[in-house]
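A short write-up of the structure that comes next.
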Amino acid sequence: MDYLEIAKRTMNFINTRKRKGPEGIFWSLEDAAKGRPIYYDEICMYAGASGILCFLLGLYDVTKDSTYLDEAKEAGSYLKYRWENEPELRRNFSKYAFSSGWSGAGFALTRLYLVTGKKIYADTVASIISKMQEDARPGKNGKGYTWSTFPGIVGDGGTILFLIYAARVYKNPKWKEFALLAGENLLEQRREDKSGCWYPGVDPSYFGADDNYIDPNFPMGTAGIGFVLMKLYEAGNDSKYLEGNKGIAEFMDSVAVKKGNGKLLPHGLPDRKNLFYLGYCHGPAGTVRYYYKMYEATGDLKYKEKLESLVKGLEAVGAPRIRSEGYWNTYNLCCGTAGILNMYLGLWAAFGDEKYLKQAEKCGEELAEHGIFESVDGTDQVKWSFALDRIAPGKKSTPIGCFDGAAGIGLALLQLYQAEKGEFHVARFLDDPFPDKREEK
Numbered sequence: 001m002d003y004l005e006i007a008k009r010t011m012n013f014i015n016t017r018k019r020k021g022p023e024g025i026f027w028s029l030e031d032a033a034k035g036r037p038i039y040y041d042e043i044c045m046y047a048g049a050s051g052i053l054c055f056l057l058g059l060y061d062v063t064k065d066s067t068y069l070d071e072a073k074e075a076g077s078y079l080k081y082r083w084e085n086e087p088e089l090r091r092n093f094s095k096y097a098f099s100s101g102w103s104g105a106g107f108a109l110t111r112l113y114l115v116t117g118k119k120i121y122a123d124t125v126a127s128i129i130s131k132m133q134e135d136a137r138p139g140k141n142g143k144g145y146t147w148s149t150f151p152g153i154v155g156d157g158g159t160i161l162f163l164i165y166a167a168r169v170y171k172n173p174k175w176k177e178f179a180l181l182a183g184e185n186l187l188e189q190r191r192e193d194k195s196g197c198w199y200p201g202v203d204p205s206y207f208g209a210d211d212n213y214i215d216p217n218f219p220m221g222t223a224g225i226g227f228v229l230m231k232l233y234e235a236g237n238d239s240k241y242l243e244g245n246k247g248i249a250e251f252m253d254s255v256a257v258k259k260g261n262g263k264l265l266p267h268g269l270p271d272r273k274n275l276f277y278l279g280y281c282h283g284p285a286g287t288v289r290y291y292y293k294m295y296e297a298t299g300d301l302k303y304k305e306k307l308e309s310l311v312k313g314l315e316a317v318g319a320p321r322i323r324s325e326g327y328w329n330t331y332n333l334c335c336g337t338a339g340i341l342n343m344y345l346g347l348w349a350a351f352g353d354e355k356y357l358k359q360a361e362k363c364g365e366e367l368a369e370h371g372i373f374e375s376v377d378g379t380d381q382v383k384w385s386f387a388l389d390r391i392a393p394g395k396k397s398t399p400i401g402c403f404d405g406a407a408g409i410g411l412a413l414l415q416l417y418q419a420e421k422g423e424f425h426v427a428r429f430l431d432d433p434f435p436d437k438r439e440e441k
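Position 396 of the sequence shown, counting from 1, maps to 396 under full-length UniProt numbering, and the rest follow consecutively.
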């Protein structure tokens with residue numbers, strides 16, 4: 001299977017949605033919006049230009065075809081224009097979110113800066129962070145800072161991860177200090193439980209839930225905030241962030257449900273305790289990141305065992321081939337097969353076990369089998385049609401973004417191509433702790 005060719009065809013399809021902006025280029029989200037009444041902004045990492053820019057850089061890295069880099073620069077020009085002229089966004093968890101806001105754009109522009117060395121991208125990132133600091137509000141109980149009603153990685157947590165990342169790349173200790181201070185808001189969210197503790201990562205009204213709603217998973221829930229706390233501890237060596245993690249794993253153990261030889265964590269409590277998502281969002285493909293981060297930081301094998309238990313739980317319900325209520329007809333990085341593929345390659349890179357590569361190859365086959373291959377005006381393309389919302393499985397669209405659609409699928413297949421060629425290296429996202437290259441064992 002030529003996964004590089006599929007990735008190229010994926011970008012060809014994405015470019016059928018390409019539009020010329022006042023400066024640079026962006027991509028229309030009209031078709032993806034058919035799956036939801038209110039959709040994300042064209043700049044965002046989840047669905048729009050920031051994520052597609054990252055896919056273009058991935059293609060450039062593998063092929064050395066300057067056409068991809070030129071398009072990435074054009075997308076960067078659009079992001080810069082929007083920030084300077086139209087910074088307000090459509091649907092988002094926070095104006096400064098990583099997935100749906102300006103932290104994601106800042107990350108994409110930083111990736112572009114690292115490839116080109118152009119100061120214009122660094123200056124735009126600095127402007128975003130300056131305004132981010134200006135707009136920060138005091139957090140819960142007056143501690144730390146907040147920008148939204150979403151403490152988790154989809155909101156404030158993702159903003160903090162971006163600040164830590166930007167501080168390291170641009171060697172700016174003041175940004176790191178601000179991130180460490182902002183993180184105190186997360187500590188104030190802690191809720192004690194008889195088995196440990198949990199953290200609210202989302203505004204429960206987003207799910208139409210009551211204040212007692214608990215999401216144990218990643219990135220919207222407890223595991224996501226635990227991950228951010230560990231990144232804060234890693235950045236500043238402040239023991240309060242390590243202390244903030246105590247009790248999380250115990251709570252997650254207490255709500256895990258046995259599946260075959262493994263376990264899965266429910267989508268949400270108390271009302272969704274029998275619903276098990278399998279992807280990055282609310283599922284093991286994301287939540288293993290928390291356990292891996294804990295294993296990496298502490299060396300304690302219990303976290304590796306917990307990680308493996310989630311993977312066994314995912315396999316016990318038949319993924320990646322067999323569909324289930326929490327793994328419906330979806331193929332993207334967020335909820336579907338591409339996210340599971342990314343997980344397996346991360347585990348393979350970290351631990352060197354070939355069983356993970358074999359499972360990744362099954363994911364690649366699943367994606368290739370369900371791609372819609374066609375030639376339009378002499379250009380070979382591939383797209384994926386699926387439901388963005390679990391509760392509306394018949395409402396299909398062909399999204400193009402990094403987390404919602406084709407760009408993320410293309411990135412995952414690029415990873416698989418590199419793995420099979422013995423040239424595996426990955427530019428990880430902010431909340432992906434796995435090695436950039438395969439660890440030699």
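Cβ coordinates follow ideal geometry from the N, Cα and C atoms, glycine included.
Alpha carbon to alpha carbon, how far is residue i from residue j?
i      : j      : result
Asp432 : Ala350 : 12 Å
Gly117 : Asp70  : 14 Å
Val382 : Arg323 : 22 Å
Ile14  : Asp31  : 11 Å
Ile153 : Met252 : 18 Å
Ala126 : Pro87  : 15 Å
Lys306 : Tyr277 : 17 Å
Ile372 : Gly155 : 34 Å
Tyr360 : Arg168 : Strictly speaking, residue 360 in this sequence is Ala, with Tyr absent from that position. So the alpha carbons of these two residues sit roughly 31 Å apart.
Arg82  : Ile43  : 8 Å
Gly236 : Tyr344 : 30 Å
Glu369 : Lys362 : 10 Å
Ala319 : Phe178 : 41 Å
Lys259 : Lys302 : 19 Å
His267 : Asp377 : 44 Å
Asp2   : Lys131 : 44 Å
Ile129 : Tyr170 : 12 Å
Asn261 : Gly313 : 7 Å
Ala110 : Pro435 : The amino acid occupying residue 110 in the given sequence is Thr; Ala does not appear at that position. Rounded to whole angstroms, Thr110 to Pro435 spans 19 Å at the Cα level.
Tyr292 : Pro22  : 43 Å
Glu20  : Lys143 : Checking the sequence shown, residue 20 turns out to be Lys, not Glu. Their Cα atoms are separated by approximately 44 Å.
Leu181 : Ile160 : 10 Å
Ala97  : Met230 : 19 Å
Glu192 : Ser385 : 42 Å
Leu414 : Phe424 : 9 Å
With the cut-off set at 8 Å, would you say residue i and residue j are in Cβ contact?
i           : j      : result
Lys119      : Glu188 : no
Ala72       : Leu112 : yes
residue 442 : Gly106 : Beyond the ends of the chain as shown, which are 1 and 441, falls residue 442; an answer cannot be given.
Leu310      : Pro284 : yes
Ile409      : Tyr331 : yes
Ile164      : Lys174 : no
Arg90       : Asp41  : yes
Pro270      : Asn212 : yes
Tyr145      : Asn185 : yes
Gly364      : Leu416 : yes
Ala412      : Ala338 : yes
Lys114      : Val62  : The residue asked about is misnamed: residue 114 is Leu in this sequence, not Lys. No; because the gap between Cβ atoms is not below 8 Å, this pair is not in contact.
Leu264      : Val255 : no
Glu366      : Arg321 : yes
Gly208      : Asp215 : no
Leu430      : Phe162 : yes
Pro219      : Gly286 : yes
Asn250      : Ser195 : Looking at the sequence shown, residue 250 is not Asn but Glu. Taking 8 Å as the Cβ cut-off, Glu250 and Ser195 qualify as a contacting pair.
Glu225      : Tyr199 : Here the sequence assigns Ile to residue 225, which means Glu is not the residue at that position. Against a cut-off of 8 Å, the Cβ pair of Tyr199 and Ile225 comes out as a contact.
Since residue i and residue j are thought to touch, with beta carbons under 8 Å apart, how far apart are those beta carbons, to the nearest angstrom?
i           : j      : result
Cys197      : Gly247 : 4 Å
Ile25       : Tyr78  : 6 Å
Phe93       : Ser28  : Actually they are not in contact, since the Cβ atoms of Phe93 and Ser28 sit about 22 Å apart, beyond 8 Å.
Ala387      : Trp328 : 6 Å
Leu357      : Trp348 : 5 Å
Phe403      : Ala75  : Going by Cβ atoms, the distance from Phe403 to Ala75 rounds to 16 Å, so no, they are not a contact pair.
Asn12       : Asp380 : 6 Å
Arg137      : Phe227 : Wrong, their Cβ atoms sit about 23 Å apart, outside the cutoff.
Gly401      : Gly336 : Incorrect: roughly 13 Å between the Cβ atoms, too far for contact.
residue 447 : Ala108 : The displayed coordinates of the chain run from 1 to 441. Any statement about residue 447 would go beyond what the structure contains.
Gly101      : Lys95  : 5 Å
Arg438      : Gly326 : About 30 Å; that fails the 8 Å criterion.
So what does residue i bridge to, in DSSP terms?
i      : result
His425 : Lys437
Gln381 : Glu374
Ile25  : Lys20
Thr146 : Arg137
Tyr68  : In the DSSP output, where bridge partners are listed per residue, Tyr68 has none listed.
Tyr40  : Arg91
Ser397 : Phe386
Val257 : Leu264
Got a sec: does the ligand ZN put a non-hydrogen atom nearer than 7 Å to the Cβ of residue i?
i      : result
Gly260 : In terms of ligand content, the structure shown is empty, and the ligand ZN therefore cannot be addressed.
Taking only runs of the beta strand (DSSP E) that begin and end inside the segment 160-233, which ones reach a length of at least 3 residues, in chain order? Segments of the beta strand (DSSP E) lying fully in the segment 160-233: 191-193, 196-198.
Restricting to runs no shorter than 3 residues, where is the beta strand (DSSP E) found entirely within the segment 284-328? None, since the segment 284-328 contains no complete beta strand (DSSP E) of that length.
Where in the segment 75-129 do unbroken runs of the alpha helix (DSSP H), each at least 4 residues long, occur, reported from the N-terminal end onward? The segment 75-129 contains these whole alpha helix (DSSP H) runs: 102-116.
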